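Here is the structure we will look at.
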Amino acid sequence: MYLHPEFETLSRSEIEKLQLERLQATVKHCMNSPLYKKRFEENHLSPDDIKSLDDLRRIPFTTKQDLRDTYPFGIASVPLEKCVRLHSSSGTTGNPTVILHTQKDLNEWANAVARCLYMVGLRPNDVFQNSSGYGMFTGGLGFQYGAERLGMLTVPAAAGNTKRQIKFITDFGTTALHAIPSYAARLYEVMCELGVDPRRDTKLKTLIIGAEPHSEEQRRRIEEMLGVKAYNSFGMSEMCGPGVAFECQCQNGLHIWEDYYIVEIVDPDTLEPVPDGEVGELVLTTINREAMPLLRYRTRDLTRVLPGDCPCGRQHKRLDRMKGRSDDMIILKGVNIFPIQIETILMQFKELATDYLITLATADSNDEMTVDVELSGFCTDDYGRLQALKREITRQLKDEILVTPNVNLVPKGSLPKSEGKAVRVKDLRKPF
Amino acid sequence: MTIQQISVFIENKPGSLVKVLEVLKQAGIQIIASTIADTVDAGIYRIICSEPVRAYQVLHDAGFSAMLTDVLALVLDNEVGRAADALRILTESGINIAYLYSFMLSGKGILILRANDADRAREVIMQNNLTFVAEKDLSGWV
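Those sequence lines, one after another, are chains A and B. For the first sequence, this note's numbering assigns the number 432 to the last residue and increments by one with no breaks. For the second sequence, this note's numbering assigns the number 1142 to the last residue and increments by one with no breaks.
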């Protein structure tokens, strides 16, 4: 049941004891980092001041901008010659961010991913196919090393080439697949085109989905399509990549590994902590990393800690599925909207397929939202029914997001398909 | 009394109709009549053709949202006022028409219509001895 019982079965007090030890060691180690050394000095703070977990709050936050400002190696706490790998984000705005790893870091990362995969029932006799992009995208190598560490036959299928993916699934007897949710839906579509029935013609039973915000409804649909159990994975390149938090077989919240990370949830405006159960920005401190520990890193992801115990017995805190990123948030006519809210509504309509596109545009100096959504196999000869469906979708969206969008029903397959992360929002608004 | 019509959901976008027509052309299916109304974003393209079942299959396989619908097809003499006569009979029997289109074939007017109550419409047509087209007659037209 547990791959690492020595960590997975710790009680709350044992977890906190371990966290304090590791935090103190991490903070001392961070004094080798030019950025943190300077920051501690500026704040008249010394590693010895960290006497309890509460003292963590005396340490300033680390932001993505800090990573950009110190690009490429300015946060590292070890000399470069001790590092064996780096991953970098795409730098669409300004400098990219770089995360360095020592051999020990890679080893611990693989352990974390293996622990997650074992938790959802995967064992060495499973065949694990990874349809993530490899290269700089951490979902590729992260799952590769973790799945190999667990001892599974691991197929680095990488992203794209959907027909070949399906051939691998059938020929190699793939039992577990890692894919982003929009791509899992795409795989199913192409299977249908090829006459492959996932239940009859494949051995798929487990799907790992992550990297893209998705609703519970979307997950249930994908499970239904492929005849699998789908588990939510959460990670980010700043925290290594996958393996940060993962659902257990209860599928109710993602256990975050507190022997690796200290979790804080803060109000994104005041930066004050919020109580368990309330949504805020996830802030993480790495306490098991060597090359480049990050202290109180503001992830921009919005979530909450789920109160209560998990029936699986693990006391590691559970995060709710990500509500989206604070920088994904759409502000339209002064209203804050997350794309996931829109998806949740759309997925409740059986007439609709899984692909949609939200477009924001300015018409007559008025900002408007248009939601294009594909119909599933549904067709009607009754134009009135189409209009009624459209009205009902519009009404439910308005109830949820408080602005009235234009809803367009479009034929299945007509929205652009991407083999990477799905593009769900296009902002064409004119600035003032 | 009824014949099969294909309804295809299409976007109001340049090229949408051509895509449907190309698929039918490739399959060697001949169109007898078709109609679409102007709509803002998307609409339903309705087609009467040879081999409607196969036409539905090829459109479905090509990824279109399509369906087969039974519609009534009346045959009218090519004279002034015949459509008015036929529709008055239906209307006076309380039948409401959802949509209607017509075309000429072999010197006769063909009226395709979809009624809110198809069963009742059938009865009225029979009782009043209106002439209609059956599915098997269609193949003779092409």
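By construction, the Cβ of each residue, glycine as well, lies at the ideal position given by its N, Cα and C atoms. Note that this is a predicted model, so its numbers are computed, not measured.
Check whether residue i and residue j have beta carbons under 8 Å apart
| i | j | result |
| --- | --- | --- |
| residue 1043 (chain B) | residue 1078 (chain B) | no |
| residue 204 (chain A) | residue 222 (chain A) | no |
| residue 1143 (chain B) | residue 1109 (chain B) | Here chain B comprises residues numbered 1001 to 1142, so residue 1143 (chain B) is not present and cannot be evaluated. |
| residue 1017 (chain B) | residue 1010 (chain B) | yes |
| residue 112 (chain A) | residue 253 (chain A) | no |
| residue 1125 (chain B) | residue 1073 (chain B) | no |
| residue 424 (chain A) | residue 357 (chain A) | yes |
| residue 1112 (chain B) | residue 1033 (chain B) | yes |
| residue 67 (chain A) | residue 86 (chain A) | no |
| residue 125 (chain A) | residue 156 (chain A) | no |
| residue 319 (chain A) | residue 62 (chain A) | no |
| residue 115 (chain A) | residue 3 (chain A) | yes |
| residue 117 (chain A) | residue 151 (chain A) | no |
| residue 304 (chain A) | residue 264 (chain A) | no |
Helix, strand or coil at residue i according to DSSP, with G and I counted as helix
| i | result |
| --- | --- |
| residue 291 (chain A) | coil |
| residue 2 (chain A) | coil |
| residue 1060 (chain B) | helix |
| residue 81 (chain A) | helix |
| residue 275 (chain A) | coil |
| residue 125 (chain A) | coil |
| residue 136 (chain A) | coil |
| residue 1004 (chain B) | strand |
| residue 117 (chain A) | helix |
| residue 381 (chain A) | coil |
| residue 110 (chain A) | helix |
| residue 73 (chain A) | coil |
| residue 1011 (chain B) | strand |
| residue 64 (chain A) | helix |
| residue 280 (chain A) | strand |
| residue 1108 (chain B) | strand |
| residue 402 (chain A) | coil |
| residue 264 (chain A) | strand |
| residue 1029 (chain B) | coil |
| residue 306 (chain A) | coil |
| residue 285 (chain A) | strand |
| residue 270 (chain A) | coil |
| residue 50 (chain A) | coil |
| residue 1095 (chain B) | coil |
| residue 1102 (chain B) | strand |
Cβ neighbours of residue i in the same chain (closer than 6 Å, five flanking residues each side left out)
| i | result |
| --- | --- |
| residue 89 (chain A) | 96, 97, 237 |
| residue 140 (chain A) | 132, 133, 134 |
| residue 301 (chain A) | 282, 322, 325 |
| residue 378 (chain A) | 351 |
| residue 407 (chain A) | 371, 390, 393, 394 |
| residue 1135 (chain B) | 1003 |
| residue 285 (chain A) | 262, 295, 296 |
Proximal residues to residue i (C-beta, below 7 Å), its chain only, five neighbours per side dropped
| i | result |
| --- | --- |
| residue 72 (chain A) | 98 |
| residue 166 (chain A) | 187, 190, 191, 194, 196 |
| residue 338 (chain A) | 323, 324, 328, 329 |
| residue 217 (chain A) | 344, 347, 348 |
| residue 312 (chain A) | 248, 249, 250 |
| residue 136 (chain A) | 87, 88 |
| residue 365 (chain A) | none |
| residue 429 (chain A) | 360, 361, 362, 367 |
Cβ shell of residue i (< 8 Å), same chain only, five flanking positions each side left out
| i | result |
| --- | --- |
| residue 1058 (chain B) | 1023, 1024, 1026, 1027, 1029 |
| residue 1039 (chain B) | 1012 |
| residue 1086 (chain B) | 1074, 1076, 1111, 1130 |
| residue 103 (chain A) | 84 |
| residue 1095 (chain B) | 1115, 1116, 1117, 1120, 1121, 1124 |
Beta carbon proximity, residue i to chain C, threshold 8 Å
| i | result |
| --- | --- |
| residue 1011 (chain B) | Annotation note: the requested chain C is absent from the structure, which comprises protein chains A and B. |
In DSSP terms, what residue i is bridged to
| i | result |
| --- | --- |
| residue 367 (chain A) | A:362 |
| residue 426 (chain A) | A:359 |
| residue 89 (chain A) | Paired residue(s): none; residue 89 (chain A) is not in a bridge. |
| residue 1035 (chain B) | B:1046 |
| residue 155 (chain A) | A:129 |
| residue 161 (chain A) | Per DSSP, none; premise fails for residue 161 (chain A). |
| residue 1067 (chain B) | B:1007 |
| residue 408 (chain A) | A:372 |
| residue 102 (chain A) | A:83 |
| residue 1077 (chain B) | Its beta-bridge partners do not exist; DSSP assigns none. |
| residue 301 (chain A) | A:325 |
| residue 56 (chain A) | Bridge partners of residue 56 (chain A): none, in fact. |
Of all the alpha helix (DSSP H) runs that stay within the bounds of the stretch 12-47 of chain A, which reach a length of 4 or more residues? If we require 4 residues or more, the alpha helix (DSSP H) runs fully inside the stretch 12-47 of chain A come out as 12-30, 34-42.
4-residue-minimum alpha helix (DSSP H) runs that sit fully inside the stretch 206-259 of chain A, ordered along the chain: Whole alpha helix (DSSP H) segments, 4+ residues: 216-226.
Threshold first: 3 residues or longer. Then list the beta strand (DSSP E) segments lying entirely within the stretch 320-351 of chain A, N to C. Along the stretch 320-351 of chain A, the beta strand (DSSP E) occurs as fully enclosed runs of 3 or more residues at 330-332, 335-337, listed in sequence order.
Where in the stretch 171-203 of chain A do unbroken runs of the alpha helix (DSSP H), each at least 4 residues long, occur, reported from the N-terminal end onward? Segments of the alpha helix (DSSP H) lying fully in the stretch 171-203 of chain A: 181-194, 198-201.
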